[in-house]
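Novice: Protein chains in written order, with this note's numbering: chain X, 53 to 133; chain Y, 32 to 786; chain R, 727 to 888. C-beta: ideal position from N, C-alpha, C; glycine also.
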Amino acid sequence: MVQVRLGGSLQSYSGGRGSFEIEGATIGQILAGLGEACPRLKPLLEQGVAVAVDGQIYRGSLLQPVRPDAEVFILPKLAGG
Amino acid sequence: MPLDQSAKPNAFSKVGTRPLRPDGIDKVTGRARFGADMNAPGMLIGRVLRSPHAHARIRSIDASEAEALPGVKAVVTAADFPDRQDEFRDVLVNVMARDKALYDGHAVAAVAATSAGIARKALSLIKVDYEVLPHVIDVEAAMLPDAPILHDTMFTKGVEPTPTKPSNVAARLEFGRGDVAAGFAEADVVIEKTFRTEATHQGYIEPHACLASVGSDGQGELWVCTQGHFMVRDTCAALLGMDISKLRVTASEIGGGFGGKTTVFIEPVALALSRKAGRPVKLVMSRGEVFRASGPTASTSIRVKMGIRKDGRITAGEAELKYQGGAFPGSPVEMGAMSAFACYELENVHVVGYDVVTNRPKQAAYRAPGAPMSAFAVEGVVNDLAERIGMDPIDLRLKNAAKEGTRSAYGPTFGPIGLIETLKAVKSHPHYKKKLGPNQGRGVACGFWFNFGGQTCVSLNINIDGTVALAVGTPDIGGSRASMCLMAAEELGIPYDRVRAIIADTSSLGFNDVTDGSRVTFASGMATIKAARDAVQKLCARAAAIWGIPEDAVVWEEGAARPAGPNAGAFPPLTLREIAAMAPKTGGPIAGHCEFNAENAGPSFASHLVDVEVDPETGRTTVLRYLVAQDAGKAVHPAYVEGQFQGGAAQGVGWALNEEYIYGADGRLQNPGFLDYRIPVASDLPMIDTVIVEVPNPGHPYGVRGVGETSIVPPLAAVANAVSHATGIRFTELPMSPPRVLHAMDARRMAQAAE
Amino acid sequence: MAARHVRTTINGDAVEFVCEADEALLDVLRDRLALTGAKEGCGTGDCGACSVMLDDRLVCSCLVLGVEAEGRKIETIEGMARGGELHPLQRKFLEHAALQCGICTPGFLVAARALLERNPDPTETEVRFWLAGNLCRCTGYDKIVRAVMDAAAELREGRHAA
Ligand code: FES
Ligand code: FES
Chain X
53 MVQVRLGGSL QSYSGGRGSF EIEGATIGQI LAGLGEACPR LKPLLEQGVA VAVDGQIYRG
113 SLLQPVRPDA EVFILPKLAG G
Chain Y
32 MPLDQSAKPN AFSKVGTRPL RPDGIDKVTG RARFGADMNA PGMLIGRVLR SPHAHARIRS
92 IDASEAEALP GVKAVVTAAD FPDRQDEFRD VLVNVMARDK ALYDGHAVAA VAATSAGIAR
152 KALSLIKVDY EVLPHVIDVE AAMLPDAPIL HDTMFTKGVE PTPTKPSNVA ARLEFGRGDV
212 AAGFAEADVV IEKTFRTEAT HQGYIEPHAC LASVGSDGQG ELWVCTQGHF MVRDTCAALL
272 GMDISKLRVT ASEIGGGFGG KTTVFIEPVA LALSRKAGRP VKLVMSRGEV FRASGPTAST
332 SIRVKMGIRK DGRITAGEAE LKYQGGAFPG SPVEMGAMSA FACYELENVH VVGYDVVTNR
392 PKQAAYRAPG APMSAFAVEG VVNDLAERIG MDPIDLRLKN AAKEGTRSAY GPTFGPIGLI
452 ETLKAVKSHP HYKKKLGPNQ GRGVACGFWF NFGGQTCVSL NINIDGTVAL AVGTPDIGGS
512 RASMCLMAAE ELGIPYDRVR AIIADTSSLG FNDVTDGSRV TFASGMATIK AARDAVQKLC
572 ARAAAIWGIP EDAVVWEEGA ARPAGPNAGA FPPLTLREIA AMAPKTGGPI AGHCEFNAEN
632 AGPSFASHLV DVEVDPETGR TTVLRYLVAQ DAGKAVHPAY VEGQFQGGAA QGVGWALNEE
692 YIYGADGRLQ NPGFLDYRIP VASDLPMIDT VIVEVPNPGH PYGVRGVGET SIVPPLAAVA
752 NAVSHATGIR FTELPMSPPR VLHAMDARRM AQAAE
Chain R
727 MAARHVRTTI NGDAVEFVCE ADEALLDVLR DRLALTGAKE GCGTGDCGAC SVMLDDRLVC
787 SCLVLGVEAE GRKIETIEGM ARGGELHPLQ RKFLEHAALQ CGICTPGFLV AARALLERNP
847 DPTETEVRFW LAGNLCRCTG YDKIVRAVMD AAAELREGRH AA
């Protein structure tokens, strides 16, 4: 189980819940599990989110392995200029 | 794959030097070809008809007279772009208005004709029947319950239960942690203020321009100035219903973007015109069109409340951010909210944000989108907190600064970051000790930007003469080709001038994300390094084959393959040039490739210091001195890193002092030109000092961080703090143009006289 | 509107062209003569990207009519380097990294040369005010001003040596 926390505005879509225990060994599996656990988040997760694993931000790496004790934050989609 | 961090920073021989850029001669001789510099045989000239109304229903469009005008070869309207409901819907509607014109300047039709004069005439013959609707320009006004509604189908997201009444608030967001009420209770001083910023334009000197050509076989070519030609290709293909493979997009030299060229405006229109006319069409925006119809940034209203103990420890931070992003959802409020308190170690944070639509052009990204405004508000309050408790503003920031291991206000824990180093650099700089004269003031502010990586491809070909052709897929706005050549040369161990980088078109390379998020030197740089290492591996393999020894018995050092040790055999080194010369006869060409998605871009922090003098007679602010200290991780080409620092600071000074979108009561933009929308000129600015801090980014083999965006985050606040210091009046509204400053000073004089 | 026939000199060469009476010199240079070094940043005289010399006077070519070139002498960025040899200003712009995107560069170079021809030893303030009609959005002007000052110094030395 990985402790997954919601960052930025995502809590507005989880009924205020900020943290979930999710089964998953990769970012993709964690996002899938999170979508199951909180269906209202699913469309946002599908549109694309950023995932911070131990402080490193991933925007497109579903296959990235995640250790069970990693710090995982799901952040809203981010873009630059 | 773990990154090879073995290259020690002091082992660099090319990276960190300042060679001339490969595209330099072209650009100083006028030979470089930008968006509008390309022509094609049989080319037509395109022009766009734009709505003069801020908000109007389009009852009908009659283009028959225009179509009948001799020399007119095509007219297009929304009817030429099939409607869709997917993620391209907003860009589709922005490119060509459908049932409503949503802002002054919104495209409603376009023509292609044999000359610019005929095209202009044709526009005047198109009859659009508008039903003018009430409009709304201001962010706060747009949020009122009785405001004119832009989209009947928009219901505020992020509130439960989902509202049933449409609203101009596209989304509400909220996040935080800890207990802000307890934090404020613990504070000795609490300050709460509301700040406002105006919309500003990226102000690139080159207007949007493209040359489109679609044949009767449905194959298309597009030449365009853009920050992302792959994005242009995919978006245009979707809007026009083309296969992606049928559209080849070539990125011209680009005359500035700053985020404003990360989307499409005229490109799909030019393609549609060309398809209809069966001839190439050139479409170039006028400066007025650039202002009226391409991306300004959001205007904002931001309330910030922060508490501090007498010992200088910040106890809580709260913010409410309202950002209008023009006629479509997507203002950068989310990023503004997440970056607002990112510079500080805070236990108690609470942030609420609103993404609001108004009758203005759809905002486009502008350098660290969303962050300069929230930093303006937060850094203003931090400045006042320091004043109230009588603490040096840098010491206060040092005491609360985020560092490695700090849990950021927006969630994740920071890795190695350089905020403290930038603050110390400012504090120890001679500038900080300079005496101030009368009417002069000093301001400090910090800034943060996330930085991004993204999808990237690079191809590196070894030529028979030992030179190297490097194909990169990210348009070069600020000298990135020089940095790419440096990194390739570093890896290959050959002179810088043996590598030549080009920006490849969309058919020559795999997908590349747009040049945004300060990603190029980081991501394309990393791809270049990986491609070079791939080539080195093949060069070593080739040498091994020539020598008849195992591949792993060969190493690459100083531009040559060498036997790994005495056991490998005694062979004289084979240089890159020698292997390249033998390549045709020893197995064929050698090339290195990298296709990947760069992650872990590593945030960049900056601290800015500015001295100003405010003329009490006119309210005019003169910038006397400016210092930027920013973390670059590792500066690949320091001259261009400094250039990014200086350019961002200058844009921020403009935003702080002069630049603003001014709307009339009719909802029309009053200042769509460089005369009335005044960006800083050479005589407005002093030299801009820079300090490059280098705290290596663990996500990059050389430690590189993006630098392009953070530099615009602190200046709004730094200048406002300096003007406030000089005048003794806290300024909370931008721009601090002479009339506004004078008005505030007069008001104070009057109040003092009344006492 | 009847087209006009114009005879002029551009970068030392005799040139003839045909243009509309209301056509800007900038458009003539770019669209009819393929001299695209001068850029259009605004078309209203506010950005200086279109700077050229007209009879030794610095002008915004977007504000000059093509027909006004009749019998006169035009110099553009394309004529600045002599053969393969860059003008010292061009060289200094490269050495000082005084360009990022480079769209403003031709205008700055033409304007800076006009300055140095009048005033070989300008102060920083004089450089800044002379170039105030040229907009650059990328650089913050720091490196541009340094490049111009450095080129001025080199040109002065060259003059002494000669
Ligand atoms: S194009 Fe002539 S001054 Fe801007
Ligand atoms: S270098 Fe881009 S505008 Fe000057």
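Identify every residue that forms a DSSP beta bridge with Leu80 (chain Y).
Specialist: According to DSSP, which records beta bridges pairwise, Leu80 (chain Y) is partnered with Y:Ala140.
Novice: Short check: CB of Thr437 (chain Y) to CB of Phe445 (chain Y), under 8 Å?
Specialist: The answer is yes: Cβ separation under 8 Å.
Novice: List the residues of chain X that Pro789 (chain Y) touches, going by C-beta distances under 9 Å, in chain order.
Specialist: Any property of residue 789 (chain Y) remains undetermined from this structure, which presents chain Y solely from 32 to 786.
Novice: Excluding the 5 residues flanking Ser61 (chain X) on each side, which residues of the same chain have their C-beta closer than 7 Å to its C-beta?
Specialist: These residues qualify, in order along the chain: Pro128.
Novice: Look at Ser66 (chain X) and Arg203 (chain Y) and say whether their C-beta atoms are less than 8 Å apart.
Specialist: In this structure, Arg203 (chain Y) does not lie closer than 8 Å to Ser66 (chain X) by Cβ.
Novice: Identify the continuous beta strand (DSSP E) that holds His639 (chain Y) and give its terminal residues.
Specialist: Start and end: 635 to 645.
Novice: When you compare the CB of Thr389 (chain Y) with every CB in chain R, is at least one pair closer than 8 Å?
Specialist: Judged by the 8 Å Cβ criterion, Thr389 (chain Y) is not in contact with chain R.
Novice: Count the C-beta pairs between the stretch 677 to 687 of chain Y and the stretch 103 to 116 of chain Y that are closer than 8 Å, then say yes if the count reaches three, no if not.
Specialist: Short answer: they don't touch.
Novice: In whole angstroms, give me the CA-to-CA distance for Val741 (chain R) and Thr762 (chain R).
Specialist: Their backbone Cα atoms lie some 16 Å apart in a straight line.
Novice: Determine the contact status of Gly633 (chain Y) and Arg550 (chain Y), defining contact as a CB-CB distance below 8 Å.
Specialist: No, they are not a contact pair.
Novice: Is Arg863 (chain R) near ligand 2 - that is, is its Cβ less than 7 Å away from at least one heavy atom of it?
Specialist: Yes, since a heavy atom of ligand 2 falls inside the 7 Å radius drawn around the Cβ of Arg863 (chain R).
Novice: Output the boundary residues of the beta strand (DSSP E) element that contains Leu278 (chain Y).
Specialist: Leu278 (chain Y) -> beta strand (DSSP E) spans 278 to 282.
Novice: Give the residues whose C-beta lies closer than 6 Å to at least one heavy atom of ligand 1, in chain order.
Specialist: Result (chain order): R:Glu766, R:Gly767, R:Cys768, R:Gly769, R:Gly771, R:Asp772, R:Cys773, R:Gly774, R:Ala775, R:Cys776, R:Cys786, R:Cys788.
Novice: Report yes if the C-beta distance between Pro746 (chain Y) and Glu229 (chain Y) is below 8 Å; otherwise report no.
Specialist: Not closer than 8 Å, so no.
Novice: Skipping 5 residues on each side, what residues in its chain have a beta carbon closer than 6 Å to that of Glu351 (chain Y)?
Specialist: Answer for Glu351 (chain Y): Arg334, Val383, listed in chain order.
Novice: Work out the CA separation of Ala660 (chain Y) and Leu450 (chain Y) for me, nearest whole Å.
Specialist: Taking the straight line joining both Cα atoms gives about 9 Å.
Novice: Do Ala614 (chain Y) and Ile621 (chain Y) have their beta-carbon atoms positioned less than 8 Å apart in this structure?
Specialist: In this structure, Ala614 (chain Y) lies closer than 8 Å to Ile621 (chain Y) by Cβ.
Novice: Between the Cα of Leu523 (chain Y) and the Cα atoms of Y:Leu491, Y:Ala535, Y:Ser539, Y:Gly504, which residue gives the shortest distance?
Specialist: Checked all of Y:Leu491, Y:Ala535, Y:Ser539, Y:Gly504; the closest Cα to Leu523 (chain Y) is Y:Leu491.
Novice: At a CB distance below 7 Å, what residues from the stretch 202 to 213 of chain Y approach chain X? Give them in sequence order.
Specialist: The stretch 202 to 213 of chain Y vs chain X, Cβ under 7 Å: Arg203, Leu204, Glu205, Phe206.
Novice: For Ala131 (chain X), decide whether its Cβ has a neighbour in chain Y, counting only Cβ atoms nearer than 8 Å.
Specialist: Output row for Ala131 (chain X): interface = yes.
Novice: Quick one: is Pro40 (chain Y) buried, meaning 16 or more other Cβ sit within 10 Å of its Cβ, or exposed?
Specialist: Any reading at Pro40 (chain Y) must be qualified, since the residue scores a pLDDT of 44, below 50, and its modelled position is unreliable; the value itself is stated next. Label assigned to Pro40 (chain Y): exposed.
Novice: Hey, quick one: how far does the beta strand (DSSP E) through Val546 (chain Y) stretch, first residue to last?
Specialist: What sits at residue 546 (chain Y) in the sequence shown is Thr, not Val. No beta strand (DSSP E) contains Thr546 (chain Y), which DSSP labels as neither H nor E.
Novice: By the 7 Å beta-carbon criterion, what residues does the stretch 651 to 672 of chain Y contribute toward chain R?
Specialist: Within the stretch 651 to 672 of chain Y, the residues whose Cβ lies closer than 7 Å to some Cβ of chain R are Ala670, Tyr671, listed in chain order.
Novice: Quick one, which residues of the stretch 60 to 72 of chain X are near chain Y if we go by CB-CB under 9 Å, in chain order?
Specialist: Residues passing the 9 Å Cβ filter: Gly60, Ser61, Leu62, Gln63, Ser64, Tyr65, Gly67, Gly68, Gly70.
Novice: Tell me the rounded alpha-carbon separation between Gln471 (chain Y) and Lys458 (chain Y).
Specialist: Answer to the nearest angstrom: the Cα atoms are 19 Å apart.
Novice: Can you confirm whether Gly76 (chain X), when its beta carbon is compared against all beta carbons of chain Y, has any partner nearer than 8 Å?
Specialist: Chain Y, which has no Cβ nearer than 8 Å to the Cβ of Gly76 (chain X), makes this no.
Novice: For the beta strand (DSSP E) that Phe226 (chain Y) lies in, which residues bound it at each end?
Specialist: Here the beta strand (DSSP E) through Phe226 (chain Y) covers 220 to 228.
Novice: Reducing DSSP to helix, strand and coil, say where Val300 (chain Y) ends up.
Specialist: Looking at Val300 (chain Y) - three-state DSSP - the assignment turns out to be helix.
Novice: What separation, rounded to the nearest whole angstrom, lies between the Cα atoms of Glu883 (chain R) and Glu850 (chain R)?
Specialist: One C-alpha to the other measures close to 18 Å.
Novice: With 8 Å set as the bound, which would you pick, yes or no: does the beta-carbon of Met174 (chain Y) sit closer than that to a beta-carbon of chain X?
Specialist: So, not an interface residue.
Novice: Taking only heavy atoms of ligand 2 into account, decide whether any of them is closer than 7 Å to the Cβ of Gly286 (chain Y).
Specialist: Yes, since a heavy atom of ligand 2 falls inside the 7 Å radius drawn around the Cβ of Gly286 (chain Y).
Novice: Please state the DSSP three-state secondary structure of Arg780 (chain Y).
Specialist: Of the three classes helix, strand and coil, the one that applies to Arg780 (chain Y) here is helix, per DSSP.
Novice: Measure the C-alpha to C-alpha separation of Met32 (chain Y) and Val585 (chain Y) and round it to an integer number of angstroms.
Specialist: The pLDDT assigned to Met32 (chain Y) is 32, lower than 50, so where the model puts this residue is not dependable, and the model offers no usable value.
Novice: Tell me the rounded alpha-carbon separation between Ile710 (chain Y) and Gly326 (chain Y).
Specialist: Distance between the alpha carbons of Ile710 (chain Y) and Gly326 (chain Y): 16 Å.
Novice: Using the rule of at least 16 other Cβ atoms within 10 Å of the residue's Cβ for burial, across every protein chain shown, is Ala576 (chain Y) buried or exposed?
Specialist: Counting Cβ neighbours within 10 Å, Ala576 (chain Y) comes out exposed, since fewer than 16 surround it.
Novice: Would you tell me roughly how many angstroms separate the C-alpha atoms of Thr346 (chain Y) and Glu378 (chain Y), rounded to the nearest one?
Specialist: Using only the alpha carbons, I get a separation of about 7 Å.
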